Every structure is written in structure tokens, then in C-alpha cells.
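Residue numbers (the numbering used here): 1 to 423.
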């Protein structure tokens, strides 16, 4: 009896111990499941509420990193800039900034020059990177592309420097000449000579200021806001009239051809100024007793017909190294000759901006000692294009056949077929 009771008591005690042990094991297992592990931290990160939405609308490139420097979230712009590759942040300085910020919680910002992806020319991508903690486990990296802003700032800085230099030359000359006039007040001959020089410098200064105004206007105004169909033959006649005196002085023959029944759409004043600049350059840089030709023609193009206006001279020509820069502001192929002719170095820059704002382009063909051909390509005006399609038999006629003798637009200048003046 006593033996049975002892066995029963022992069994009861064993059962209680087993239950306690099972309960403790269950509680321990449950607590372990709730505890975050390093694996769960790295593979299943959670962004704070609303952060994903905010990052999707930011203009900056955004990257979110976890404790193991793995990318939790990255915007498409970050991939486009090459910041993220293979799920990792590929820029070591930014990665080091993220680690430092994760360690001390301090917000950091730095500007870096990064190599441009897929470009073997060594050009750098300028960026501004800002790193900040995001909660207790994540780090947020925001990257702003500063490349275009830096380029614009460099252009503006160079422009101001060039303008200052160009203005300084005639202003300094006027100051010295005025002193010379005062010193030679009792010498009428010297006064007259110095006054003539002052007039030349004043004209140069006036031309420079006017071309700066013109350049600013064509850069800021949209010529298509008040666009109208413009006759090409009228633009050519106006450009020739503008240079008639200079051409006559140098005995330069100006010839125009192929311009009848051609129209472009745009701002008449800007187009006339652009073509006038090309003709004026052709006259100024041509030797005496040579020829300047202005020819136009219609050219078929996939996006619609274009009107080509070519200005050809027999001047000094342009070297290969200068052809790529002739449309830069203040760039002169021959600075001494340009100053002698009153050139400011802005004429071709104005041409480029006018043509680009009208949806066209300007190109140059040249060879040293053989002359140059500048060609404007502009979209043809809609109504004129429709008329040309209805009258295809007139497209290839010369200027002499296009106009009747009684036409008010008959050109008084020598005709020159368009293909002969094109390179």
C-alpha cells in the first residue's frame, strides 16, 4: 500500500515537472519568435509610414539604406545616375557618409564630381549628396544633379567676363582720345583726327550694346508667339540692301537666286537680322572685287519640307579647328580683322539662337582660302507648303521664271541658281 502511494506521488511530481518544463519551453520559443534577428533586419526592412510616397515625388535621387548598407528603396533617378548597382550603393564617399550618419545620427552634406556612365571622355557629373537618419535603423540619401546648373553658371560667368572685356576696349579708347583732344585743343588738325577716331570707337560701342540687346531678346522671347509667313525673297532683298554700301565700297558683286515663292514661318524681324548678319559677315570677310551669293531652295525632309538659304563668299575661309567655335559668343576667327571691320563676335551667336528658336539649324562649310557657305535650314510655312503641293510643276523653276515682269517683288539683283552656291 505504502509502495503504491509512493509510486503515485512520484508520478504526480514527475507530471507536474514535465508540465512546468513544457510551459517554460513554449514561453521561451514564443519570445524568441517575437525577437528581431539580424536576418530579419536585413531581408525584411520596413519604411516608416508615408516615406515611400514622399520619396516617389521627390525630384532628387533618393536611396534608403539599412544597417547592412543594403538598398531598401531607390528611385529610378538613382539608378539612372549610376548610384545603385547590384542592390548596393556604388559610390564609396556616399557609403562612408551613410555609415558615419548611422553611427552618430548627424546630418551630412557634400558636393562630389562623379564619372559619367558610358562616357569615355572623362566628363564629370556634379552632384550634391545629403545623408540623414531615417528612424532608428535606416539612413536616407538624397542626391541632386548640379551638372546643368554648373554649366549655366560657367556660361554666365564667361559671358560677363567677355562683355566686360569687350566694353572696356572702346570705353578705354574713348577716354584716351578725349584726353588727346583736350591736349590738342590748339591744333585743329589733331582735334579733327582724334574726333574721327572717337566716332569710330563710339560706333563700335553702340554696335556692341545693340547686339547684346538683340542677343538677350532672341534668347528670352519666343518668336513663334507672333509668327507669320515670311517671304524669303523679301528677307534676301533686305539683307542685300543692308550691306549695299559696304559691298559697293569693296566692289563686291552680290547675287541672289531661287528665292521666289518660298516662305518660312516666324518672327520677320529676327529672321531678317539673322540673314543680314550672315550677308554682312560675307561682305566684311571677302576681298575686293569678289562675289557673294545668296540662294534658297526647298528641300524634302521626313518631318516636313525645309527651306535652305545659303550665303556663300569667296573670302579667307575658316580652319577646321575654328569651324566648331564660330557660333560661340565673342569668338573671332581673326580678332585683328574683326576689330578692323567693327565686328563684335556676337553676330553668329545671334544667328544660331534665332534659327534654333524657329525650329531650324545653321551649318557652315568652309576651306581656308576658298571661302565659306553658311546655310540656314528653316521649316517651310504651312500655307506656302500647301500651295507648292498643289503646283508641283513650279517647284524647280528659276527666279526669272517664277516672277512675271510686272511682279512688285522682282529682284533687281543678279540671279544665281541655288545648287551652285551650296557646298
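Cβ atoms here follow ideal geometry from the backbone N, Cα and C, with glycine treated the same way.
Please read these numbers as outputs of a predicted model, since none were measured by experiment.
Asked: Alpha-carbon to alpha-carbon, residue 90 and residue 82; Found: 7 Å
Asked: Among 60, 234, 163, 198, nearest to residue 329 - alpha-carbon criterion; Found: 163
Asked: Same chain, Cβ closer than 6 Å to residue 236, five either side skipped, listed in chain order; Found: 256, 259, 294
Asked: Per DSSP, the bridge partner or partners of residue 228; Found: 266
Asked: Distance, residue 326 Cα to residue 278 Cα; Found: 12 Å
Asked: Burial state of residue 299, where buried means 16 or more other Cβ atoms lie within 10 Å; Found: exposed
Asked: Chain-order list of residues whose beta-carbon lies under 7 Å from that of residue 323 (same chain, five-residue window excluded); Found: 364, 366
Asked: Identified DSSP bridge partners for residue 145; Found: 127
Asked: Strand pairing of residue 372, partner residues [DSSP]; Found: 366
Asked: Burial state of residue 308, where buried means 16 or more other Cβ atoms lie within 10 Å; Found: buried
Asked: Cβ contact check for the segment 177-196 and the segment 141-156: 3 or more pairs under 8 Å; Found: no
Asked: Contact check, residue 273 vs residue 171, beta carbons under 8 Å; Found: no
Asked: Test item: CB-CB of residue 95 and residue 264 under 8 Å; Found: no
Asked: Limits of the alpha helix (DSSP H) - the one that residue 93 falls within; Found: 92-104
Asked: Alpha carbon of residue 110 to alpha carbon of residue 304, nearest angstrom; Found: 49 Å
Asked: Exposure of residue 177, with buried meaning 16 or more beta-carbon neighbours within 10 Å; Found: buried
Asked: C-alpha gap between residue 427 and residue 116, whole angstroms; Found: This structure gives no information on residue 427, because the portion of the chain shown stretches from 1 to 423.
Asked: Test item: CB-CB of residue 87 and residue 70 under 8 Å; Found: yes
Asked: Continuous beta strand (DSSP E) stretch holding residue 110: start and end; Found: 108-115
Asked: Exposure of residue 369, with buried meaning 16 or more beta-carbon neighbours within 10 Å; Found: exposed
Asked: Cβ neighbour criterion (16 or more within 10 Å) applied to residue 288; Found: exposed
Asked: Option in 55, 100, 350 with minimal Cα separation from residue 210; Found: 350
Asked: Reference residue 206; option with closest CA among 63, 218, 174; Found: 174
Asked: CB of residue 477 within 8 Å of CB of residue 142, strictly; Found: Given that the chain is displayed from residue 1 to residue 423, the structure contains no residue 477 and the question cannot be resolved.
Asked: Backbone secondary structure at residue 150 - three-state DSSP; Found: helix
Asked: CA-to-CA distance, residue 217 to residue 227, given in whole angstroms; Found: 15 Å
Asked: Residues sharing a beta bridge with residue 309, DSSP; Found: 296, 376
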